[in-house]
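Here the protein sequences come in this chain order: U and H.
Take any residue in the first sequence, count from 1 to its spot, add 785: that is its number in this note's numbering.
Take any residue in the second sequence, count from 1 to its spot, add 785: that is its number in this note's numbering.
Just so it is clear, CB atoms sit at the ideal spot from N, CA and C, and this is done for glycine as well.
2 protein chains.
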Amino acid sequence: MTYCVGLKLDRGLVFAADTRTNAGLDNVATFKKLHVWEKRGERVLVLLSAGNLAVTQAVVSLLSEQLTSETTPGPTLFSAETMFQAARVVGSAVRSVKAIDGEALATSAENFMVSFILGGQIKGEAPRLFQVYAAGNFIEATADTPYMQIGEHKYGKPILDRVTQHDMRLGQAAKLVLLSFDSTLRSNLSVGMPIDLLLYNTDTFAADRQKRIERDDPYFSMLSEEWSERLRIAVSEIPDFEI
Amino acid sequence: MTYCVGLKLDRGLVFAADTRTNAGLDNVATFKKLHVWEKRGERVLVLLSAGNLAVTQAVVSLLSEQLTSETTPGPTLFSAETMFQAARVVGSAVRSVKAIDGEALATSAENFMVSFILGGQIKGEAPRLFQVYAAGNFIEATADTPYMQIGEHKYGKPILDRVTQHDMRLGQAAKLVLLSFDSTLRSNLSVGMPIDLLLYNTDTFAADRQKRIERDDPYFSMLSEEWSERLRIAVSEIPDFEI
């Protein structure tokens, strides 16, 4: 499993991904699930991945190879004119990998289970955020639901659901996303630190604000403790239920 | 789906169950999933059920019929001398129903999917809380994890996880359980109001504190709104994340 979140806000985008992959409980490793393609001053694209690691790595490699290959037929992540086209490029890459590996996976009783969050900005457009499915089709985040989650999404959803507001500062939204991760990490062993974070400010066309939150990160520890304490206080301040 | 919670605290037990059952999205009904057997002054037993409604109803009917039947071989919920024995009675009832219906369910591609939370107190013992599986075996709640959840448990777990304390008052714990339900109701259509609640105070041997929380319950509405507001304040008070 995995947990990844993308948020689309007035001031930009926030991305976060855990780094745990596992084949069974006794085969655990750390792999980056947050991938960035940047053409400074012109576009930034961020892809978060969940599911079968062989498949997600193949998709990411394909997307990267297309950028330098002279035989790529359609647009690439660097030549797509809009984020919608870029989402199509990712969808096509997923379909290509399925065409190559899908049948063999099926005969090994492995499912072609993958999902992606794609977000970013291409000059001429506002930032956009998509979720790409294993079939290569996708949906786009709108004002009604400005976030996308993939992987183990249930534990961390209530906090996003109640607190996310489109006019939040990115640092505030990142805090919220980390709280959502903390709830998930406490409950699901298949989601693990470190967490990769990327904050993208609208119209900067640069992916400079990236950080890996390690297990002993003092901010994350403070956040987790403060949050538990404040929840306890908040619960105690609301009148008790009486029968 | 379903969502049920049982909590074991120093002062007693708290039980809550939603009432939605559904066969597909377009066939929704209300059924009670919180069942009480009381021998006033001597024992109170509470059973929460999740899973296939035909199976859970059969188990509950069997447990009730045993109380008046003269041919019941082993102990019943009223003659069991300990809660451990009572959990065995429930487990046996599950196995009996499986023996009768299991094969037919399997041939209809239906799983024998059920789970139960059993809690209560029998004179001579402290209150105890169990989770009974579809196989009829069970586990007991201990101080390390004083709550049990069945059904759609993920959305509502983080709040229980962080705030539950063994020395809470029952009304405070009920508030916490209702918050856990609110998070779940917001995210999963298969969990629905009304919610049945039962608070059991240690050594009372009476099941008097029961209430059904309806959709328009003023306390529940207040709780949900206050909670969202306080979470927003709590998030805003913790320092923002900075890169």
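Exercise. What residues match up with U/Trp1012 in a beta bridge as DSSP calls it?
Worked result: Looking at the DSSP output, U/Trp1012 shares a beta bridge with no other residue.
Exercise. How many Å lie between H/Leu794 and H/Asp952 at the Cα?
Worked result: Rounded to whole angstroms, the gap between the alpha carbons of H/Leu794 and H/Asp952 is 6 Å.
For this session: Please list, in chain order, all residues of the same chain as U/Ala843 whose beta carbon is under 6 Å from its beta carbon, the five residues on each side excluded.
Result: Once the five neighbours on either side are set aside, the close Cβ partners of U/Ala843 are Val882.
For this session: Give a yes or no on whether the minimum CB-CB distance between U/Ala835 and chain H is below 9 Å.
Result: Not one beta carbon of chain H lies nearer than 9 Å to the beta carbon of U/Ala835.
Exercise. From U/Gly936 to U/Ser900, what distance separates their C-alpha atoms?
Worked result: Taking the straight line from one Cα to the other gives about 8 Å.
For this session: Answer with buried or exposed for U/Gln950, where buried requires no fewer than 16 other C-beta atoms within 10 angstroms of its C-beta.
Result: Counting every other CB atom within 10 Å of its CB across the protein chains shown gives U/Gln950 a total below 16, marking it as exposed.
Exercise. With a Cβ-Cβ cutoff of 9 Å, do H/Thr989 and H/Ala911 count as a contact?
Worked result: For H/Thr989 and H/Ala911, no; Cβs fall outside 9 Å.
For this session: Would you check whether the ligand ZN has a heavy atom nearer than 8 Å to the C-beta of U/Met786?
Result: Ligands in the displayed structure: none, and consequently the ligand ZN is not present.
Exercise. When the cut-off is 9 Å and only beta carbons count, does H/Glu1019 lie next to chain U?
Worked result: Per the sequence presented here, residue 1019 of chain H reads as Ala, with Glu not at that position. Under the 9 Å criterion on CB atoms, H/Ala1019 is classed as interfacial with respect to chain U.
For this session: Could you tell me if U/Val840 is buried or exposed, where buried requires 16 or more neighbouring beta carbons within 10 angstroms of its beta carbon?
Result: Classified as buried, U/Val840 has 16 or more neighbouring CB atoms from the shown chains inside 10 Å of its CB.
Problem set entry | Cα-Cα separation, H/Leu847 to H/Arg880 | Roughly 11 Å between the two C-alpha positions.
For this session: List the residues of chain U whose Cβ lies closer than 7 Å to the Cβ of H/Phe816, in chain order.
Result: Chain U residues near H/Phe816: none, gap ~22 Å exceeds 7 Å.
Problem set entry | Cutoff 9 Å: H/Phe1026 Cβ touching any chain U Cβ | Closer than 9 Å: yes.
Exercise. So, are the CB atoms of H/Leu903 and H/Ala928 less than 9 Å apart?
Worked result: The Cβ-Cβ distance between H/Leu903 and H/Ala928 does not fall below 9 Å.
Exercise. Cβ of H/Phe863 within 9 Å of Cβ of H/Arg913?
Worked result: The criterion of a C-beta distance shorter than 9 Å is not satisfied by H/Phe863 and H/Arg913.
For this session: Please go through the segment 929-982 of chain H and give each complete beta strand (DSSP E) segment of 3 or more residues, from N-terminal end onward.
Result: Taken in chain order, the unbroken stretches of beta strand (DSSP E) that lie wholly in the segment 929-982 of chain H and span 3 residues or more are 932-936.
For this session: Below 7 Å between beta carbons is the criterion; list the residues of the segment 793-819 of chain U that meet it against any residue of chain H, in chain order.
Result: Of all residues in the segment 793-819 of chain U, none comes within less than 7 Å of chain H when Cβ atoms are compared.
Exercise. Helix, strand or coil for U/Gly905 per DSSP?
Worked result: Of the three classes helix, strand and coil, the one that applies to U/Gly905 here is strand, per DSSP.
Problem set entry | Per DSSP, the bridge partner or partners of U/Glu925 | Residue pairing for U/Glu925: DSSP places it in a beta bridge opposite U/Phe915.
For this session: Have a look at H/Val813, H/Ala801, H/Leu798 and flag the residue whose alpha-carbon is nearest the alpha-carbon of H/Leu974.
Result: Comparing alpha-carbon positions, the option among H/Val813, H/Ala801, H/Leu798 lying closest to H/Leu974 turns out to be H/Val813.
Exercise. With distances taken from CA atoms, which of H/Lys817, H/Asp811, H/Ala835, H/Arg796 is nearest H/His938?
Worked result: Looking from the CA of H/His938, the closest CA among H/Lys817, H/Asp811, H/Ala835, H/Arg796 belongs to H/Ala835.
For this session: Tell me whether the beta-carbon of H/Val799 lies closer than 9 Å to the beta-carbon of H/Leu982.
Result: Going by beta carbons, H/Val799 and H/Leu982 fall inside the 9 Å limit.
For this session: Rounded to whole angstroms, what's the CA-CA distance from U/Ser1006 to H/Glu888? Just pull it up for me.
Result: Going by the C-alpha atoms only, they are around 51 Å apart.
Exercise. By a C-beta neighbour count over all protein chains shown, 10 Å radius and 16 as the cutoff for buried, is U/Leu852 buried or exposed?
Worked result: U/Leu852 should be labelled exposed.
Exercise. Using DSSP with H/G/I as helix, E/B as strand and the rest coil, what is H/Ala808?
Worked result: In this structure, H/Ala808 counts as coil in the three-state DSSP scheme.
Exercise. What residue from U/Gln906, U/Gly977, U/Glu895 has the CA that sits closest to U/Glu999's CA?
Worked result: Ranked by Cα distance from U/Glu999, the first of U/Gln906, U/Gly977, U/Glu895 is U/Gly977.
For this session: Quick one: grab the DSSP three-state call for U/Gly826.
Result: The answer is coil: DSSP assigns U/Gly826 none of H, G, I, E or B.
Exercise. Helix or strand or just coil, what does DSSP make of U/Thr815?
Worked result: DSSP places U/Thr815 in strand when its eight states are reduced to three.
Exercise. Do U/Arg828 and U/Ile907 come within 9 Å of each other at the CB atom, strictly closer than that value?
Worked result: Yes. Within cutoff.
Exercise. Shorter than 9 Å from the beta carbon of H/Met786 to some beta carbon of chain U?
Worked result: Not one chain U Cβ lies under 9 Å of H/Met786.
For this session: Output, in chain order, the set of chain H residues within a Cβ distance shorter than 8 Å of U/Glu1011.
Result: Within 8 Å Cβ-Cβ: Ile1023.
Exercise. Under a CB-based cut-off of 9 Å, is H/Met978 close to chain U?
Worked result: Answer no: the Cβ-Cβ gap between H/Met978 and chain U never drops below 9 Å.
Exercise. Using the beta-carbon of each residue, which ones in chain U are nearer than 9 Å to H/Ser975?
Worked result: None at all; the shortest Cβ gap to chain U is about 13 Å.
For this session: Measure from the C-beta of U/Tyr932 to each C-beta in chain H and report whether the shortest distance is under 9 Å.
Result: Not closer than 9 Å to any Cβ of chain H, the Cβ of U/Tyr932 fails to qualify, so no.
Exercise. Since H/Gly791 and H/Leu984 are thought to touch, with beta carbons under 8 Å apart, how far apart are those beta carbons, to the nearest angstrom?
Worked result: The Cβ separation is near 12 Å, so there is no contact.
Exercise. Under a three-way DSSP split, which group does U/Arg873 fall into?
Worked result: Look at U/Arg873 here: in three-state DSSP terms it is helix.
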